[in-house]
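In what follows, a single structure is set out as structure tokens and then discussed.
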Amino acid sequence: MKLNRKFYNRDTVEVAKDLLGKILVHRVEGKITSGKIVEVEAYKGFKDKAAHTYNGRKTKRVEIMYGKPGFSYVFFIYGMHYCMNAVTREEGIGEAVLIRALEPIDGMEIMSQRRYGTSFELLKKRQIINLTNGPSKLCKALDIDKGCNGLDLCEDKLFIEQSNKQDFDIGISKRIGIDYAEEAKDFLWRFFIKDNEFVSKVK
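Using my numbering, you'd call the opening residue of the sequence shown number 2 and step up by one each time.
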């Protein structure tokens, strides 16, 4: 069952934590790839100097973040990588959750070809872990790019669905790679499934 609009239209930190263990799915030309969400980061708009919408910043790039909850916000970094977010809160707020890492579930052969250009059965353990253990890695493995920006996560192409009930402990830390964000770099808005080997960074 896909997560509905109501799920995303809540406090961004709570949505981030609740996304752990859910399944991100992408359908491309009849091929399905998916993975369990094991690491996320919350970005809280106006008051968050690490957010693309800090202080009400409005550009063409961030229009999606100000739209309805439950849409994808995909941005390009370093001139070579994509990162995917799920927009949260009501329209006009400008908040989102970055999907930082997945544990692969469906379509691992497809993911392997996209990431390494070789068969999944030839991968070493470290390569398997590296398939989706980072925001840009998971986007490449699931073929999430600029064409996915603004997709409705409540429809059937790119979406997040419920998973079987599972028990896990949630780790909490500072977010990664935002040392420029002054006091916001210390906000404890990164959440991950403890002891999951697909988390991008343990410390």
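Note that the Cβ used here is the ideal one computed from N, Cα and C, for glycine as well. All of these numbers come straight from a predicted model, not from anything done at the bench.
- A direct Cα-to-Cα measurement between Arg116 and Cys155 gives close to 27 angstroms.
- Residue environment for Thr119: exposed (fewer than 16 other C-beta atoms within 10 angstroms of its C-beta).
- Inter-segment contact for the stretch 103-111 and the stretch 21-36 is present: three or more beta-carbon pairs are separated by less than 8 angstroms.
- In this structure, Ser174 is the residue among Ser174, Thr89, Lys48 with its C-alpha nearest to the C-alpha of Ile194.
- Contact between the stretch 172-186 and the stretch 42-59 is present: three or more C-beta pairs spanning the two stretches fall below 8 angstroms.
- Annotation for Ser164: no alpha helix (DSSP H) segment contains it, and DSSP assigns it neither H nor E.
- With a beta-carbon spacing of about 15 angstroms, Ser164 and Ala102 fall beyond the 8 angstroms limit used to define contacts.
- Leu21 and Phe188 have their C-alpha atoms some 19 angstroms from each other.
- Annotated as proximal: Ser73 and Leu159, with beta-carbon spacing under 8 angstroms.
- Taking 3 residues as the minimum length, the beta strand (DSSP E) runs contained wholly in the stretch 75-117 are 82-89, 96-107, in order along the chain.
- Excluding five sequence positions before and after Asn131, the CB atoms of its chain that fall closer than 7 angstroms to its own CB belong to Lys138, given in chain order.
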